[in-house]
């Protein structure tokens with residue numbers, strides 16, 4: 001896990017500071033919201049992430065040099081899915097009781113000026129006393145002030161935390177939920 | 178007969194209070210303060226006085242200070258530096274004697290020794306790119322901030338002054354008494370920042386292709402701070418997030434720039450004939466008569482030619498602005514300039530745009546038209562726009578407002594193509610920033626203390642103006658039914674309101690101290706006002722009250738209470754509960770339908786009634802004739818439910834004895850009786866909006882007033898009768914209240930599946 005973290009930090013900081021739109025002024029704030037829900041029946045972790053369309057577009061553009069033209073007539077869904085899969089694989093990680101899981105991108109849709117990204121971690125076995133670690137570095141390489149609000153729902157309990165560039169990891173000992 | 182009725186009432190009261198009343202309590206609970214959500218806001222609001230009345234209007238002793246400026250400004254384009262000399266005449270209309278004056282030096286937020294970058298915590302990264310590392314640890318910071326050369330009195334003698342970060346105290350030789358004026362002068366210069374790098378609200382953008390800069394200049398002169406009855410001297414420093422608090426005044430400004438620059442600014446241009454060419458004058462006269470489309474004063478061709486001229490001679494532009502709270506200007510040899518006239522009330526106002534060729538083709542098409550439409554929309558909801566022009570200047574990544582002039586983003590790609598998002602982003606930001614002329618440039622609230630008073634009100638008005646722009650220019654929203662507004666719809670605020678409470682601040686917070694300024698000062702207050710207008714007050718009452726507030730405080734300095742009080746004063750709607758929950762707390766809306774019991778009319782006492790009688794030693798003979806309601810779910814026979822008159826002989830006898838045949842013919846005969854329980858897990862009380870669906874497929878909406886929650890904040894029961902069977906109940910069916918959890922809004926419970934599953938279905942469709 002440590003190795004993974006270090007690698008992420010290196011690749012994510014290269015573009016920091018390259019693009020900083022005026023914030024207060026054009027009413028911009030750097031926030032995404034991710035709801036993580038453990039579906040105990042299907043043994044799958046289901047993630048719904050909302051982020052600004054512009055920010056995600058810029059992240060893909062900066063990272064891969066590909067313009068996805070999201071939410072325009074030029075948009076190609078299959079191309080977007082391909083790059084989102086690559087991007088999410090780099091940005092998100094999940095770990096329970098020393099086992100690491102890899103995310104699968106499950107599609108996207110829009111909600112106003114936000115894009116809604118769906119991600120799954122399959123085959124996840126959680127117990128009432130599991131130790132879980134969720135990592136989310138979405139857009140933190142692009143914006144120093146990016147905040148990734150995470151709500152984690154499991155076995156009827158909920159815990160929230162704001163993840164950031166400095167602190168991208170959510171930890172929860174379910175025995176103490 | 179009267180006797181029977183009394184008995185009946187007594188029996189029902191007894192019965193409905195239930196059996197639990199008989200249980201004895203052994204321990205006494207302690208008392209408590211009034212924590213009712215409907216309690217008046219006496220503790221939160223300032224006590225009304227003769228400056229500001231309880232009705233929310235300015236009082237008989239209301240005063241405001243005046244600051245008049247005479248300024249000479251010189252732009253050194255080659256070195257990106259600005260020089261200025263100003264004479265401020267400050268008039269003390271307060272009843273107090275002032276020993277000193279406070280002047281704001283907002284540029285100092287960019288000084289080398291500025292504390293502003295140190296006000297936020299930061300953490301060490303595990304690794305840095307060389308670029309990022311040098312910027313963070315090895316870089317020279319920008320040498321910004323005011324260099325004050327001197328401060329002098331009107332006879333030329335130096336005035337003692339002390340600079341504290343972004344503010345300067347000027348010590349007066351003798352206190353400035355009530356009613357007196359004092360004139361003094363300041364000379365200064367500063368290095369203009371590149372606004373595209375530093376997120377400054379003003380500065381320049383450099384265009385390497387042609388070697389030119391486009392300047393959008395503001396906060397460029399030492400400005401008087403506000404002295405008022407609520408704050409005394411405004412003493413909260415400019416840290417970067419909380420914007421400005423400024424007194425009104427008149428400005429005489431001369432701005433000297435290279436002679437090939439095109440410039441526009443706050444105020445009336447006094448020497449138009451000297452700075453305009455003959456062609457420009459002719460086009461200007463044409464523009465003043467053009468109400469349907471902009472007329473170019475400087476064409477793209479002319480602007481492109483000017484890009485190469487790099488004049489060394491200068492030209493001075495002279496302006497006079499009356500009753501404004503600030504001053505801004507934009508200048509560049511790259512600017513294209515267009516204007517059109519717009520009728521506001523019985524006056525003509527000029528809608529104006531300045532943009533480099535990089536803004537085209539988007540800007541020539543839409544900017545000035547958006548300005549014109551915005552002036553009309555806002556005027557109709559507040560007061561007629563009182564100034565003679567409104568300018569929209571194209572500046573990369575900017576969205577910033579000043580009197581009569583604002584900077585706006587929205588740049589097409591290099592090949593001239595642009596996405597819908599760029600287009601609507603540009604239109605929305607122009608509407609928003611032009612709208613700021615009303616709030617806070619004219620309704621002059623204190624932005625340093627309250628970001629929401631201008632941003633929230635303006636974002637609310639922006640939503641209305643966007644919708645009206647879409648109606649006025651269908652070509653602008655081709656392919657859509659209405660303008661795609663980002664903010665305003667209640668459902669759009671749900672994710673924020675449902676967020677982690679430790680990262681949400683009440684709207685009534687200083688802009689420096691909130692976690693997410695966007696939703697806190699813009700989206701949430703705008704949504705709250707939209708809900709107030711559409712769901713709580715209704716458009717007619719709201720619009721009148723909002724207009725009353727705007728007109729009462731036009732060219733004055735309102736506080737939050739002045740707004741809250743006026744909205745109630747002009748509508749006779751007590752809104753203390755609304756302000757408390759939406760503005761003073763981080764509560765959210767969550768209302769649920771929790772329990773539905775079904776009943777039918779019967780002649781026989783129910784089991785529960787029998788138990789009650791037994792417990793009280795009563796027999797049927799002790800009771801007057803009663804109509805009984807039996808639990809439908811406990812009904813054993815398959816017999817169909819009868820209407821009440823057939824089911825209850827007591828009832829039919831009563832009617833025969835007490836009503837005429839004509840009256841009997843008119844009675845309703847509900848067959849189905851329900852007791853419905855609503856719960857309120859959320860802290861905000863809201864009107865209870867319920868949609869009832871019947872077995873025949875018809876629907877009925879009932880809106881219970883918010884006062885339904887006044888005696889029990891957690892849950893409430895309603896009895897409901899109908900001649901049709903009820904098959905469904907939905908709370909807030911049109912998503913009007915920003916209810917954060919709609920999974921508990923339906924009976925019978927609709928299994929919505931997880932949000933993920935629902936969205937996944939959408940994706941696959």
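Chains as they are written, first to last, in the numbering used here: chain A, 1 to 177; chain B, 178 to 942. Beta carbons: idealized from backbone N, C-alpha and C, even for Gly.
Check                                                                                                                                                                                                 : Outcome
So, for residue 276 (chain B): in the same chain, excluding its five sequence neighbours on each side, which residues have a beta-carbon less than 7 angstroms away from its beta-carbon?             : 349, 352
Which residues of chain A have a Cβ atom closer than 9 angstroms to the Cβ of residue 859 (chain B), listed in chain order?                                                                           : The premise fails here: residue 859 (chain B) is roughly 16 angstroms from chain A at the closest Cβ pair, so nothing lies under 9 angstroms.
What residue from B:564, B:590, B:558 has the CA that sits closest to residue 573 (chain B)'s CA?                                                                                                     : B:590
Determine the DSSP secondary structure at residue 640 (chain B), reduced to helix, strand or coil.                                                                                                    : helix
For residue 109 (chain A), I'd like the list of residues in its chain whose CB is within less than 7 angstroms of its CB, leaving aside the five on either flank, ordered along the chain.            : 116
Give me, in chain order, the residues of the same chain whose beta-carbon lies closer than 6 angstroms to that of residue 394 (chain B); leave out the 5 immediate sequence neighbours on both sides. : 379, 506
Please state if the CB of residue 238 (chain B) and the CB of residue 228 (chain B) are separated by a distance shorter than 8 angstroms.                                                             : yes
By DSSP, does residue 121 (chain A) sit in helix, in strand, or in coil?                                                                                                                              : strand
Which residues does DSSP list as the beta-bridge partners of residue 597 (chain B)?                                                                                                                   : According to DSSP, which records beta bridges pairwise, residue 597 (chain B) is partnered with nothing at all.
Taking the Cβ atom as the reference point for each residue, do residue 743 (chain B) and residue 722 (chain B) lie within a distance shorter than 8 angstroms?                                        : yes
Is the shortest distance between the beta-carbon of residue 931 (chain B) and the beta-carbons of chain A less than 8 angstroms?                                                                      : yes
In chain order, what are the residue ranges of uninterrupted beta strand (DSSP E) at least 3 long that sit wholly in the stretch 422-471 of chain B?                                                  : 426-435, 439-442
Please check the pair residue 547 (chain B) and residue 567 (chain B), which I expect to be a contact at CB under 8 angstroms, by giving their CB distance rounded to whole angstroms.                : About 10 angstroms separates the two Cβ atoms, so there is no contact after all.
Enumerate in chain order the residues of its own chain whose CB-to-CB distance from residue 41 (chain A) is below 7 angstroms, with the five nearest sequence positions on each side excluded.        : none
Between the alpha carbons of residue 510 (chain B) and residue 254 (chain B), how many angstroms are there, rounded?                                                                                  : 11 angstroms
For residue 46 (chain A), decide whether its Cβ has a neighbour in chain B, counting only Cβ atoms nearer than 8 angstroms.                                                                           : yes
If you measure between the beta carbons of residue 281 (chain B) and residue 343 (chain B), is that distance less than 8 angstroms?                                                                   : yes
For residue 558 (chain B), which of B:274, B:725, B:755 has the nearest alpha-carbon?                                                                                                                 : B:725
With a Cβ-Cβ cutoff of 8 angstroms, do residue 915 (chain B) and residue 766 (chain B) count as a contact?                                                                                            : yes
So residue 50 (chain A) contacts chain B; which residues on that side make the cut at Cβ distance below 7 angstroms?                                                                                  : 672
Measure from the alpha carbon of residue 896 (chain B) to the alpha carbon of each residue in B:483, B:775, B:884, B:922, then state which is nearest.                                                : B:775
At what residues does the beta strand (DSSP E) containing residue 88 (chain A) begin and finish?                                                                                                      : Here residue 88 (chain A) belongs to no beta strand (DSSP E); instead the alpha helix (DSSP H) covers 77-91.
Residues of chain A with CB under 8 angstroms from residue 940 (chain B), in chain order?                                                                                                             : 106, 107, 108, 109, 118
Mind pulling the chain B residues with CB within less than 8 angstroms of residue 113 (chain A)?                                                                                                      : 598, 663
Counting contacts by CB-CB distance shorter than 8 angstroms, is residue 901 (chain B) in contact with chain A?                                                                                       : no
Per DSSP, which residues does residue 516 (chain B) bridge with? Please list them.                                                                                                                    : B:472, B:529
Return the CA-CA distance between residue 906 (chain B) and residue 148 (chain A), expressed in angstroms with no decimal places.                                                                     : 36 angstroms
Evaluate contact between the stretch 677-691 of chain B and the stretch 709-720 of chain B, counting only Cβ atoms and requiring at least three cross-stretch pairs below 8 angstroms.                : no
Per DSSP, which one or two residues make a beta bridge with residue 389 (chain B)?                                                                                                                    : B:384
In the structure shown, what three-state DSSP assignment does residue 137 (chain A) receive?                                                                                                          : coil
Residues bridged to residue 478 (chain B) by DSSP?                                                                                                                                                    : Residue 478 (chain B) is not bridged to any residue.
Run through chain A and tell me which residues come within less than 9 angstroms of residue 275 (chain B), C-beta to C-beta.                                                                          : Neighbours of residue 275 (chain B) on chain A: none; closest Cβ ~32 angstroms, over 9 angstroms.
Can you name the residues that DSSP bridges to residue 131 (chain A)?                                                                                                                                 : A:173
Buried or exposed for residue 473 (chain B), going by 16 or more other Cβ atoms inside 10 Å?                                                                                                          : buried
Against chain B, does residue 25 (chain A) count as a neighbour if the rule is that its beta carbon must be under 8 angstroms from one of theirs?                                                     : Its pLDDT being 35, under 50, residue 25 (chain A) is placed unreliably by the model, and the measurement read from it follows with that caveat. Cβ-Cβ to chain B under 8 angstroms: yes for residue 25 (chain A).
Under 8 angstroms between the Cβ atoms of residue 140 (chain A) and residue 168 (chain A)?                                                                                                            : yes
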